[in-house]
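Report on the structure given below.
Numbering (the numbering used here), first residue to last: 84 to 336.
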(Lines of atoms letter the chains of each structure in order from A and count residues from 1; the text may use other names and numbers.)
(Lines give C-alpha, C1' and ligand atoms only; values in the text may rest on other atoms or scores of the structure.)
Protein backbone atom coordinates (compact mmCIF):
# COMPACT_ATOMS: atom_id res chain seq x y z
CA UNK A 1 0.00 0.00 0.00
CA UNK A 2 1.39 3.40 -0.97
CA UNK A 3 2.08 6.15 1.54
CA UNK A 4 3.30 9.75 1.46
CA UNK A 5 6.00 11.60 3.37
CA UNK A 6 6.28 15.36 3.72
CA UNK A 7 9.93 16.20 3.15
CA UNK A 8 12.05 19.35 3.44
CA UNK A 9 15.56 20.06 2.22
CA UNK A 10 18.15 18.82 4.75
CA UNK A 11 20.16 22.04 4.32
CA UNK A 12 17.17 24.29 4.97
CA UNK A 13 17.90 27.88 3.88
CA UNK A 14 21.35 26.81 2.60
CA UNK A 15 19.92 24.56 -0.14
CA UNK A 16 20.71 24.78 -3.88
CA UNK A 17 24.46 25.40 -3.60
CA UNK A 18 25.32 22.61 -6.02
CA UNK A 19 26.47 19.06 -5.53
CA UNK A 20 29.23 16.58 -6.21
CA UNK A 21 27.27 13.63 -7.53
CA UNK A 22 24.22 11.54 -6.86
CA UNK A 23 23.45 7.81 -6.82
CA UNK A 24 25.84 5.68 -8.86
CA UNK A 25 28.28 8.54 -9.47
CA UNK A 26 31.94 8.45 -8.42
CA UNK A 27 32.38 6.61 -5.16
CA UNK A 28 28.65 5.97 -4.81
CA UNK A 29 28.93 2.29 -5.71
CA UNK A 30 28.55 -1.09 -4.10
CA UNK A 31 25.93 -3.20 -2.41
CA UNK A 32 24.97 -0.83 0.41
CA UNK A 33 22.10 1.57 -0.31
CA UNK A 34 23.54 4.23 1.99
CA UNK A 35 26.65 4.44 -0.21
CA UNK A 36 25.32 3.55 -3.67
CA UNK A 37 22.38 5.97 -3.39
CA UNK A 38 24.35 8.78 -1.78
CA UNK A 39 23.60 12.39 -2.69
CA UNK A 40 26.51 14.79 -2.10
CA UNK A 41 24.90 18.18 -1.43
CA UNK A 42 27.36 21.07 -1.38
CA UNK A 43 27.46 23.71 1.35
CA UNK A 44 30.25 25.34 3.38
CA UNK A 45 31.67 23.62 6.44
CA UNK A 46 29.63 24.63 9.46
CA UNK A 47 26.31 24.78 7.57
CA UNK A 48 23.43 23.51 9.71
CA UNK A 49 21.86 20.18 8.74
CA UNK A 50 18.24 19.31 9.52
CA UNK A 51 15.92 16.32 9.60
CA UNK A 52 14.26 16.11 6.18
CA UNK A 53 11.22 14.24 7.52
CA UNK A 54 9.69 13.02 10.78
CA UNK A 55 11.69 10.01 11.93
CA UNK A 56 13.16 7.93 14.72
CA UNK A 57 16.88 7.28 14.95
CA UNK A 58 18.00 3.68 14.48
CA UNK A 59 21.79 4.14 14.62
CA UNK A 60 23.88 7.03 15.93
CA UNK A 61 27.65 7.17 15.58
CA UNK A 62 28.99 10.42 16.98
CA UNK A 63 31.93 12.10 15.26
CA UNK A 64 35.33 11.00 16.56
CA UNK A 65 37.92 13.03 14.59
CA UNK A 66 40.70 10.54 15.33
CA UNK A 67 38.69 7.87 13.50
CA UNK A 68 38.31 9.86 10.27
CA UNK A 69 39.87 8.02 7.32
CA UNK A 70 39.81 9.00 3.65
CA UNK A 71 36.23 9.39 2.48
CA UNK A 72 34.81 8.02 5.75
CA UNK A 73 34.56 10.88 8.20
CA UNK A 74 32.14 12.65 10.46
CA UNK A 75 29.14 11.43 12.42
CA UNK A 76 26.75 8.87 10.96
CA UNK A 77 22.98 8.91 11.50
CA UNK A 78 20.46 6.33 10.32
CA UNK A 79 16.75 7.02 10.72
CA UNK A 80 13.41 5.63 9.61
CA UNK A 81 9.98 7.13 9.08
CA UNK A 82 7.32 6.43 11.73
CA UNK A 83 5.88 3.56 9.65
CA UNK A 84 9.36 2.01 9.15
CA UNK A 85 8.84 1.89 5.38
CA UNK A 86 11.51 4.40 4.35
CA UNK A 87 14.64 5.84 5.85
CA UNK A 88 17.71 8.01 5.46
CA UNK A 89 21.42 8.12 6.17
CA UNK A 90 23.44 11.25 6.96
CA UNK A 91 27.22 11.60 7.22
CA UNK A 92 30.06 14.15 6.88
CA UNK A 93 28.55 16.07 9.77
CA UNK A 94 29.71 16.98 13.26
CA UNK A 95 28.19 18.58 16.33
CA UNK A 96 25.32 16.10 16.56
CA UNK A 97 23.44 16.96 19.78
CA UNK A 98 24.33 14.50 22.52
CA UNK A 99 20.62 14.03 23.22
CA UNK A 100 20.17 12.30 19.86
CA UNK A 101 20.51 8.60 20.56
CA UNK A 102 19.00 5.40 19.18
CA UNK A 103 15.24 5.67 19.62
CA UNK A 104 15.17 9.48 19.66
CA UNK A 105 12.41 11.00 17.57
CA UNK A 106 13.04 14.01 15.37
CA UNK A 107 10.58 16.23 13.57
CA UNK A 108 11.05 17.61 10.10
CA UNK A 109 13.31 20.64 10.45
CA UNK A 110 14.98 19.60 13.71
CA UNK A 111 18.70 20.33 13.94
CA UNK A 112 20.98 17.31 13.44
CA UNK A 113 24.45 18.86 13.30
CA UNK A 114 26.62 20.82 10.90
CA UNK A 115 28.65 19.99 7.80
CA UNK A 116 32.22 18.88 8.43
CA UNK A 117 35.02 18.93 5.85
CA UNK A 118 38.07 16.68 5.97
CA UNK A 119 41.27 15.98 4.05
CA UNK A 120 40.85 18.60 1.36
CA UNK A 121 37.51 17.14 0.22
CA UNK A 122 35.03 19.84 -0.78
CA UNK A 123 32.51 20.40 2.01
CA UNK A 124 29.20 18.62 1.53
CA UNK A 125 26.48 16.58 3.17
CA UNK A 126 26.29 12.93 2.14
CA UNK A 127 22.67 11.85 2.42
CA UNK A 128 20.96 8.74 1.09
CA UNK A 129 17.31 7.66 1.03
CA UNK A 130 15.79 4.20 0.97
CA UNK A 131 12.33 2.67 0.60
CA UNK A 132 11.72 -0.44 2.68
CA UNK A 133 9.21 -2.57 0.79
CA UNK A 134 7.24 -4.49 3.38
CA UNK A 135 8.70 -2.45 6.22
CA UNK A 136 11.68 -2.90 8.52
CA UNK A 137 13.36 -4.98 9.71
CA UNK A 138 12.71 -7.75 7.19
CA UNK A 139 11.53 -5.77 4.18
CA UNK A 140 13.36 -5.20 0.90
CA UNK A 141 15.64 -2.15 1.06
CA UNK A 142 15.55 -0.26 -2.26
CA UNK A 143 17.60 2.92 -2.71
CA UNK A 144 15.79 6.09 -3.74
CA UNK A 145 17.17 8.74 -6.11
CA UNK A 146 15.85 12.25 -5.41
CA UNK A 147 19.16 13.93 -6.21
CA UNK A 148 17.88 16.22 -8.99
CA UNK A 149 15.03 17.47 -6.82
CA UNK A 150 17.35 18.11 -3.87
CA UNK A 151 19.88 19.78 -6.17
CA UNK A 152 17.55 22.05 -8.13
CA UNK A 153 14.60 22.92 -5.89
CA UNK A 154 14.42 24.13 -2.28
CA UNK A 155 11.41 22.04 -1.30
CA UNK A 156 9.28 21.20 0.54
CA UNK A 157 8.00 18.13 -1.28
CA UNK A 158 5.35 15.48 -0.92
CA UNK A 159 6.95 12.13 -1.76
CA UNK A 160 4.72 9.15 -2.52
CA UNK A 161 6.18 5.67 -2.06
CA UNK A 162 4.34 2.85 -3.84
CA UNK A 163 5.78 -0.21 -2.07
CA UNK A 164 6.01 -2.14 -5.34
CA UNK A 165 9.58 -1.53 -6.52
CA UNK A 166 8.80 1.46 -8.73
CA UNK A 167 10.45 4.83 -8.01
CA UNK A 168 8.54 7.23 -5.77
CA UNK A 169 6.82 10.31 -7.16
CA UNK A 170 7.72 13.76 -5.89
CA UNK A 171 5.57 16.89 -6.08
CA UNK A 172 5.68 20.32 -4.52
CA UNK A 173 4.70 19.87 -0.90
CA UNK A 174 1.97 21.67 0.93
CA UNK A 175 3.56 21.34 4.33
CA UNK A 176 5.98 24.21 3.88
CA UNK A 177 9.06 24.71 6.00
CA UNK A 178 8.82 23.86 9.66
CA UNK A 179 7.51 26.87 11.58
CA UNK A 180 9.32 27.66 14.82
CA UNK A 181 6.89 28.88 17.49
CA UNK A 182 8.81 30.79 20.15
CA UNK A 183 5.76 31.16 22.38
CA UNK A 184 6.56 27.72 23.81
CA UNK A 185 9.75 26.49 25.46
CA UNK A 186 9.87 23.63 22.97
CA UNK A 187 9.94 26.22 20.19
CA UNK A 188 12.75 28.09 21.93
CA UNK A 189 14.69 24.83 22.13
CA UNK A 190 14.05 24.15 18.45
CA UNK A 191 15.18 27.67 17.53
CA UNK A 192 18.37 27.41 19.57
CA UNK A 193 19.16 24.04 17.99
CA UNK A 194 18.54 25.45 14.51
CA UNK A 195 21.24 28.05 15.17
CA UNK A 196 23.72 25.45 16.37
CA UNK A 197 23.25 25.67 20.15
CA UNK A 198 22.60 22.50 22.16
CA UNK A 199 19.52 22.75 24.41
CA UNK A 200 19.38 18.99 24.96
CA UNK A 201 16.18 17.08 24.14
CA UNK A 202 13.50 19.13 22.36
CA UNK A 203 10.99 18.33 25.09
CA UNK A 204 9.69 21.62 26.50
CA UNK A 205 11.44 21.03 29.84
CA UNK A 206 13.55 23.87 31.22
CA UNK A 207 16.47 21.69 32.28
CA UNK A 208 20.10 22.69 32.85
CA UNK A 209 21.15 22.11 29.24
CA UNK A 210 18.36 24.32 27.94
CA UNK A 211 19.33 27.08 30.37
CA UNK A 212 22.98 26.68 29.36
CA UNK A 213 22.03 26.99 25.68
CA UNK A 214 20.02 30.15 26.40
CA UNK A 215 22.99 31.54 28.34
CA UNK A 216 25.35 30.71 25.47
CA UNK A 217 23.04 32.48 23.01
CA UNK A 218 22.80 35.51 25.29
CA UNK A 219 26.58 35.66 25.71
CA UNK A 220 27.60 35.00 22.11
CA UNK A 221 24.83 36.76 20.19
CA UNK A 222 23.38 39.35 22.57
CA UNK A 223 26.73 40.05 24.29
CA UNK A 224 24.92 39.91 27.61
CA UNK A 225 27.16 39.80 30.67
CA UNK A 226 26.31 38.00 32.79
CA UNK A 227 23.68 35.98 30.91
CA UNK A 228 20.49 35.08 32.75
CA UNK A 229 19.72 31.74 31.11
CA UNK A 230 16.07 32.79 30.93
CA UNK A 231 14.19 32.99 27.62
CA UNK A 232 12.65 36.37 28.39
CA UNK A 233 10.81 38.45 25.76
CA UNK A 234 13.95 40.36 24.74
CA UNK A 235 15.90 37.13 24.25
CA UNK A 236 13.02 35.65 22.24
CA UNK A 237 12.90 38.76 20.04
CA UNK A 238 16.62 38.53 19.25
CA UNK A 239 16.32 34.78 18.68
CA UNK A 240 13.41 35.38 16.30
CA UNK A 241 15.41 37.98 14.36
CA UNK A 242 18.39 35.65 13.97
CA UNK A 243 16.16 32.78 12.84
CA UNK A 244 14.40 34.95 10.26
CA UNK A 245 17.75 36.14 8.91
CA UNK A 246 18.69 32.47 8.53
CA UNK A 247 15.55 31.89 6.46
CA UNK A 248 13.24 30.30 9.03
CA UNK A 249 9.55 30.99 9.53
CA UNK A 250 9.03 32.23 13.08
CA UNK A 251 5.89 32.97 15.08
CA UNK A 252 5.24 33.71 18.72
CA UNK A 253 7.82 36.47 19.22
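C-beta: ideal position from N, C-alpha, C; glycine also.
Candidates 184, 299 and 226, of which the one nearest residue 168 by Cα:
If you number the chain shown from 1, residue 168 lands on position 85. Nearest in C-alpha terms to residue 168, of all of 184, 299 and 226, is 226.
Determine the contact status of residue 126 and residue 159, defining contact as a CB-CB distance below 8 Å.
Translated into positions along the chain shown, residue 126 becomes position 43. Translated into positions along the chain shown, residue 159 becomes position 76. Not closer than 8 Å, so no.
Go through its chain and collect everything with a Cβ distance to residue 273's Cβ below 6 Å, but skip five positions before and after it.
Position 190 of the chain shown holds residue 273. Only 263 and 285 meet the Cβ criterion.
With the cut-off set at 8 Å, would you say residue 298 and residue 312 are in Cβ contact?
What you label residue 298 is simply residue 215 of the chain shown in a count that begins at 1. What you label residue 312 is simply residue 229 of the chain shown in a count that begins at 1. In contact: residue 298 and residue 312 (Cβ atoms closer than 8 Å).
Express the C-alpha separation of residue 296 and residue 184 in angstroms, rounding to a whole number.
Taking the first residue of the chain shown as position 1, residue 184 is located at position 101. Taking the first residue of the chain shown as position 1, residue 296 is located at position 213. As the crow flies, the alpha-carbon of residue 184 is around 19 Å from that of residue 296.
Candidates 240, 222 and 269, of which the one nearest residue 256 by Cα:
Counting from one through the chain shown, the residue named residue 256 turns up at place 173. Of 240, 222 and 269, the residue nearest in Cα terms is 240.
Minimum C-alpha distance to residue 230 - residue among 93, 85, 84 and 89:
For the purposes of this step, residue 230 is taken as the residue at position 147 of the chain shown. Looking at the Cα atoms, 93 is the closest of the given residues.
Which residue comes first and which comes last in the alpha helix (DSSP H) that contains residue 118?
Working through the chain shown from its first residue, we reach residue 118 at position 35. First-last of the alpha helix (DSSP H) with residue 118: 116-119.
Beta strand (DSSP E) runs wholly inside the segment 117-164, at least 3 long, in chain order:
As far as the segment 117-164 is concerned, its whole beta strand (DSSP E) runs of at least 3 residues are 121-125, 131-133, 138-144 and 158-163.
May I ask you to list the residues that DSSP assigns as paired with residue 169?
In the chain shown, counting from the first residue as 1, residue 169 sits at position 86. According to the DSSP secondary-structure assignment, residue 169 is paired through a beta bridge with 214.
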